[in-house]
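Numbering (this note's numbering), first residue to last: 1146 to 1266.
Have a look at this one:
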């Protein structure tokens, strides 16, 4: 079911473009290496237009997504050097903790998207 949720999140970005920071040219997953840990990293979604990128994590778990997930996604996004500006979209079946909501209010590059938004659009 996780891959189906990821696909629905990609569709959200592809078809619901009203509030996106740029027009998406390509969308998919991303795999890259971390030079410090020497581990392979994965982002559920990367959408870009050649100079800007949206990194997305799709969490279909029963607990609200917390700030640690956001920080991990931002760390992974820092490994990607193919964009000038990066945006961080968190998709969650079960909502978000206050820490994620507060960070999104402070940082315009962070966008939490709850299940209701995905399926209403």
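C-beta atoms are modelled at their ideal positions from N, C-alpha and C, and glycine is treated no differently.
Let me check understanding here. Comparing Cα to Cα, which of 1220, 1160 and 1231 lies closest to residue 1178? Between residue 1178 and the set 1220, 1160 and 1231, the nearest pair of CA atoms involves 1220.
Could you tell me the alpha carbon to alpha carbon distance between residue 1213 and residue 1202, rounded to whole angstroms? The alpha-carbon atoms of residue 1213 and residue 1202 are separated by roughly 12 Å.
Since residue 1155 and residue 1191 should fall inside the 8 Å C-beta cutoff, what is the C-beta to C-beta distance between them, to a whole number of angstroms? Here residue 1155 is actually not in contact with residue 1191; their C-beta atoms are around 10 Å apart, not less than 8 Å.
Proximal residues to residue 1262 (C-beta, below 6 Å), its chain only, five neighbours per side dropped: Excluding residues within five positions, none has a Cβ falling inside 6 Å.
Nearest to residue 1198 (by Cα), restricted to the options 1229, 1245 and 1257: Closest by C-alpha distance to residue 1198, out of 1229, 1245 and 1257, is 1229.
Hey, which unbroken runs of the alpha helix (DSSP H) at 4 residues or more fall wholly within the region 1148-1189? Under the rule that a run must span 4 or more residues, no alpha helix (DSSP H) segment is found entirely inside the region 1148-1189.
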